[in-house]
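Visitor: A single structure is presented below for examination.
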Amino acid sequence: YLTLAIVALVVVRFLFRELRNRVVRVRTLWIRPGLFAVASVLLLAFAFKVPDVSIAIAALAAIGGAVVGVVTGTLVLRSTTFTPAGLRGAVRAKGNATTVAIWVIAIALRFAARYAFADLGASAAVQYELNLGLVVLVTAAFIVVARGFHRAIDRLAPEQA
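Heads up: the sequence shown runs through residues 1329 to 1489, numbered per this note's numbering.
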């Protein structure tokens, strides 16, 4: 339950951020996707060392997570409004209830998978594979969102302006 409580706190904080009109700068845009990409690569690499983790299942979880992440990121971009921030290399971005729902549904998929695979015993190996899929999902979504934000910055507030 502690893990669930921590996840809930992080998700709630993140979702409130989505609903605020915030300034997004090109110089900090790739920090979060970069950190998650490193975490994804490390989780995939460590899958070879974790006992009872099926590399095939881990790979499928990563591929599935990436596909769902691309869809999630695309939907988030479509529900995000961009306006000039009055700063070079920055825009104002604001999500809405749809943006929040998209993120909640994407994260809820991980918990739904836990119950879907409950007959496998929810072992540490199964949890590792599911968590790998979730981290890759978030990584892919963050990359798609960062690319979209970068395009909005290029359009509304290019750095060379």
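Don't be surprised by glycine CBs; every beta carbon is placed ideally from N, CA and C.
Going by the beta-carbon positions, is the gap between G1461 and A1389 smaller than 8 Å?
Guide: Along the sequence shown, read from residue 1 onward, the residue named residue 1461 stands at position 133. Along the sequence shown, read from residue 1 onward, the residue named residue 1389 stands at position 61. Result yes, Cβ atoms of G1461 and A1389 sit closer than 8 Å.
Visitor: Please report the distance separating the alpha-carbon of V1352 from that of A1441.
Guide: Taking the first residue of the sequence shown as 1, we reach residue 1352 at position 24. Taking the first residue of the sequence shown as 1, we reach residue 1441 at position 113. Near 33 Å, if we compare the C-alpha coordinates of A1441 and V1352.
Visitor: Is it buried or exposed for T1427, if we count other Cβ within 10 angstroms and need 16 for buried?
Guide: Taking the sequence shown and counting its residues from 1, the one referred to as residue 1427 is at position 99. It counts as buried.
Visitor: With a threshold of 16 other CB atoms inside 10 Å of the CB of Y1359, please say whether the residue is buried or exposed.
Guide: Numbered from its first residue, the sequence shown carries residue 1359 at position 31. With the sequence shown as reference, residue 1359 is identified as Ile, and Tyr is not the correct amino acid for it. Per the 10 Å Cβ criterion, exposed.
Visitor: Buried or exposed: where does A1489 fall if 16 or more other Cβ atoms within 10 Å of its Cβ makes it buried?
Guide: The sequence position of residue 1489 within the sequence shown is 161, counting from 1. With a pLDDT of only 43 at A1489, under 50, the local geometry of the prediction cannot be trusted, and no value is derived from it.
Visitor: Spatial neighbours of L1403 within its chain, please: C-beta separation below 7 Å, excluding the five flanking residues on both sides.
Guide: As a first step, residue 1403 is located in the sequence shown; it is residue number 75 there, counting from the start. Cβ contact annotation for L1403 (same chain, cutoff 7 Å, sequence separation greater than five): I1430, in chain order.
Visitor: Count Cβ pairs between the segment 1451-1461 and the segment 1401-1416 that sit closer than 8 Å; are there 3 or more?
Guide: no
Visitor: Considering only their Cβ atoms, is the gap separating A1434 from V1502 smaller than 8 Å?
Guide: Since the first and last residues shown for the chain are 1329 and 1489, residue 1502 lies out of range.
Visitor: Taking only three categories from DSSP, how would you classify V1472?
Guide: Residue mapping note: residue 1472 aligns to position 144 of the sequence shown, counting from 1. Three-state DSSP puts V1472 in a helix.
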